[in-house]
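Asks: Let me begin by handing over the structure; questions about it come next.
Protein chains: 2
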Amino acid sequence: MKIIAYADGGRSRLAVVTSPGRALAVADVAPDLPDDLGAFLELPDELARLRTAVGGRQGKLDLAALTLLPFLGRANAFWALALNFKSHIEETGLTTSREFPHMFLRTAASYVGPGQPILAPPPDTARAFDYEGELGVVIGRAGRYIPVERALEHVAGYTCINEGSVREYQIQNRQFGLGKNFEGSGAYGPWLMTADEFGDPSTSRVRTRLNGVVRQDAPLDDMLFGVAQVVSYLSEGYRLRPGDMIAMGTPGALKPAPDDAEGLDLSRQYGPFPTPGLAHMRPGDVVEVEIDRLGVLSNPVRADQPRTYAA
Amino acid sequence: MKIIAYADGGRSRLAVVTSPGRALAVADVAPDLPDDLGAFLELPDELARLRTAVGGRQGKLDLAALTLLPFLGRANAFWALALNFKSHIEETGLTTSREFPHMFLRTAASYVGPGQPILAPPPDTARAFDYEGELGVVIGRAGRYIPVERALEHVAGYTCINEGSVREYQIQNRQFGLGKNFEGSGAYGPWLMTADEFGDPSTSRVRTRLNGVVRQDAPLDDMLFGVAQVVSYLSEGYRLRPGDMIAMGTPGALKPAPDDAEGLDLSRQYGPFPTPGLAHMRPGDVVEVEIDRLGVLSNPVRADQPRTYAA
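Protein sequence lines, in the order shown, are assigned to chains A and B.
Mapping of the first sequence onto the numbering used here: residues 1 to 311, in sequence order.
Mapping of the second sequence onto the numbering used here: residues 312 to 622, in sequence order.
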């Protein structure tokens, strides 16, 4: 099952994608179910109830005509992993613990929905604005001290994430802080795909394209810490909440082709780790994160507001 | 004006403290105002409207009988500053940028309300569970690229924060991550005091007591980055939201008195920076964060659930 959130006259509503391009509003078949995904995921047997309510019905909503929203709203936690792909660790030359995952948080305001513009900072603020294609994990069942072998039972499903990052700010001090939390700098979607439909994450791949050029392409089993390990680790600290999301980390840059002028020209890069095959996101670009069997998250990149006081 | 949130039959409601020990439910005098503080702060002239609605009335609610809640619920951002007091930088021996504030995020689930138990991790999980008394800043007016000289216009008010930290987890990797986000490991309150009532933060002091012993006591002008600078800095990255909170960092430990057995005995400390005058929080303790003119945040410390799988 693929669940989306869409704008309906100022409200956020849930729908189920019933066929390519078509979605069925949850309110039309199960008006008792909440339109907030976190509240929905807190209900017992919520996915089974929704599946029954949808039945074999086809949706009347035209997916292409909807404004899709970030389906988690203000979740309790948007976790992200740093340095979780061996290929990305190598390209940065940074060190990370092999025993404990390297984790930080993002805010709801740092993410936009699928198809919505990702915002590039004005050039006088920052230029090293980078995509990070990642697998997103959405918690469905609360839990504490979850053993690794039970961890996947607590996952509602998966999504694609562009964990957009502003490198100049990320390295201003030792915590990533603001550099990982610029306004609308990242995105997730196109939907929450339930775990039963996606299957085993480690047998899939993540791929990032900038303007059609593949810039990242890696198997998800290149991760240092897998989904179950990270879910179990976080639950040592707090009771995971339905709707909490984890961005599983990004792979390194794909080697540029011999005719790839942009990927080969390191002088166009402003970040701390100039890398062959990396290209910053700029206004006018289109960036896509694809995860096999899951779908494609596509966002245009637009210039954020100029550096002028706005109350 | 002092605003609190309290539990009313499973709902969170706002009230105004009208005299010591008494509060007036906002719903009783202004039923059109929302009970969510973030939504309330987004209204134009909301504080003036509430002040008018309260008038000179006395509240009927007995403050001591209420269950107080964290008044921000799931705000967009709970920011915190690392290493922002010169005395704390010295005691840790850590380095920090003098140019950019050192910032990270916490989740809503990591905070409890005033008077509610702060949760100490079980000893087989972590022992270096530390108080951090801090000034909390609550954003009242949205804004982007806010100049330092206009920054305080965007502040609704202030609160006391205990930014409780689990040191063993905080140092597992380079980002603080989970160590700053244990379940109910911190608290804020006792209320949101509006900026007009609190006055200039830099002329106040923050003080932390553990079981009545003063463990931290520092002037707020010992901060490396002041409130206006931090508000302005964050607004370079994103449009600050009403209800966003900033914990301004904690001072160093007060030198222990000659008869302070616990403060002098470094062998009782499990953290990475054994410090004379520091004492970890343990079940049965009472911890208080006091900010002059603002109030006292008091919390008992209780043992969190044992290390057993709980779905």
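Note that beta-carbon positions come from the ideal geometry of N, C-alpha and C, so glycine has one too.
1. In chain order, which continuous runs of the beta strand (DSSP E) of length 3 or greater are located wholly inside the stretch 111 to 142 of chain A?
2. Could you tell me the boundaries of the alpha helix (DSSP H) in which Ile457/B lies?
3. For the stretch 458 to 474 of chain B and the stretch 491 to 502 of chain B, state whether three or more C-beta atom pairs, one from each stretch, are separated by less than 8 Å.
4. Between Lys371/B, Glu401/B, Gly468/B and Ala437/B, which has its C-alpha nearest Thr329/B's C-alpha?
5. Exposed or buried, which one is Lys180/A when buried takes at least 16 other CB atoms within 10 Å?
6. Which residues in the same chain as Ser421/B place their Cβ atom closer than 6 Å to its Cβ, once the five residues preceding and following it in sequence are excluded?
7. Give me the Cα-Cα distance between Gly212/A and Leu135/A, rounded to the nearest whole angstrom.
8. Is Lys566/B buried or exposed, if buried means 16 or more other CB atoms sit within 10 Å of its CB?
9. Can you list, in chain order, the stretches of the alpha helix (DSSP H) that have 4 or more residues and sit fully within the stretch 545 to 586 of chain B?
10. Check each residue of the stretch 124 to 151 of chain A: if its Cβ is closer than 8 Å to any Cβ of chain B, include it; give the result in chain order.
11. Pairing CB atoms from the stretch 539 to 553 of chain B with CB atoms from the stretch 431 to 438 of chain B, are three or more of them under 8 Å?
12. Work out the CA separation of Trp390/B and Arg417/B for me, nearest whole Å.
13. With a cut-off of 8 Å, do at least 3 Cβ pairs link the stretch 194 to 214 of chain A to the stretch 66 to 75 of chain A?
14. Would a C-beta distance cut-off of 8 Å place Asp35/A and Val26/A closer than the cut-off?
15. So with CB distances below 8 Å, who are the chain D contacts of Ser421/B?
16. With DSSP run on the structure shown, which of helix, strand or coil describes Gln369/B?
17. Among Ala437/B, Gly560/B, Val466/B and Leu344/B, which one has its Cα closest to the Cα of Ser398/B?
18. To which residues of the same chain is Asp603/B closer than 6 Å at the C-beta, ignoring the five residues directly before and after it?
19. Tell me, to the nearest whole angstrom, how far the beta carbon of Asp596/B is from that of Leu521/B; I am working on the premise that it is less than 8 Å.
20. Using a beta-carbon distance below 8 Å, is Thr514/B in contact with chain A?
21. Alpha carbon to alpha carbon, how far is Pro44/A from Val29/A?
22. For Thr96/A, does the count of other Cβ atoms within 10 angstroms reach 16, so buried, or fall short, so exposed?
23. Look at the Cβ atom of Val459/B, then the Cβ atom of Gln540/B, and state whether they are nearer than 8 Å.
24. Starting from Arg13/A, trace the beta strand (DSSP E) in both directions and tell me its first and last residue.
25. Please name the residue, chosen from Gly243/A, Asp196/A, Leu178/A and Ala247/A, that lies closest to Ala126/A on a Cα-to-Cα basis.
26. What does Thr403/B reach in chain A if we use C-beta pairs closer than 8 Å?
27. With a threshold of 8 Å between beta-carbons, can Phe85/A be considered close to chain B, or not?
28. Just confirm the distance between the C-beta atoms of Asp441/B and Arg485/B, as a whole number of angstroms; I'd bet it's less than 8 Å.
29. Roughly how far, in whole angstroms, is the beta-carbon of Asn387/B from the beta-carbon of Asp555/B, given that I think they are within contact range, below 8 Å?
30. Is there a C-beta anywhere in chain A that falls below 8 Å from the one on Tyr623/B?
31. Do you know how far the Cα of Arg13/A is from the Cα of Pro583/B?
32. For the stretch 495 to 508 of chain B, enumerate the residues whose C-beta is nearer than 7 Å to any C-beta of chain A, in chain order.
33. Could you tell me which residues DSSP pairs with Trp360/A in its beta bridges?
34. Under 9 Å between beta-carbons, which chain A residues line up against Leu354/B? List them in chain order, please.
35. How big is the Cα-Cα spacing for Ala253/A and Pro274/A?
Replies: On the basis of the supplied data:
1. Listed in chain order, they are 118 to 120 and 133 to 139.
2. Here Ile457/B belongs to no alpha helix (DSSP H), and DSSP marks it neither H nor E.
3. yes
4. Lys371/B
5. The residue is buried, with at least 16 neighbouring Cβ atoms inside 10 Å.
6. Asn492, Ser496 and Gly497
7. Their backbone Cα atoms lie some 20 Å apart in a straight line.
8. exposed
9. 572 to 575
10. So the close ones are Thr125, Arg141, Ala142, Gly143, Arg144, Tyr145, Ile146, Pro147 and Arg150.
11. no
12. 6 Å
13. no
14. yes
15. No chain D is part of this structure, whose protein chains are labelled A and B.
16. In the three-state reduction of the DSSP assignment, Gln369/B falls in the coil class, being assigned neither a helical nor a strand state.
17. Gly560/B
18. Ser515 and Arg516
19. 6 Å
20. no
21. 18 Å
22. Answer is buried; the Cβ neighbour count reaches 16.
23. yes
24. Arg11 to Ser19
25. Selected option, being the one with the closest Cα: Leu178/A.
26. Within chain A, no residue comes near Thr403/B; the closest Cβ sits about 12 Å away, beyond 8 Å.
27. no
28. Contact flag wrong, Cβ pair sits at about 19 Å.
29. 6 Å
30. There is no way to answer for residue 623/B, as the model of chain B reaches only from 312 to 622.
31. 47 Å
32. Taking 7 Å as the upper bound on Cβ-Cβ separation, chain A lies near no residue of the stretch 495 to 508 of chain B.
33. Examination of residue 360/A is not possible in this model, given that chain A is present from 1 through 311 alone.
34. Simply none; closest approach about 15 Å.
35. One Cα belongs to Ala253/A, the other to Pro274/A, and the distance between them is close to 11 Å.
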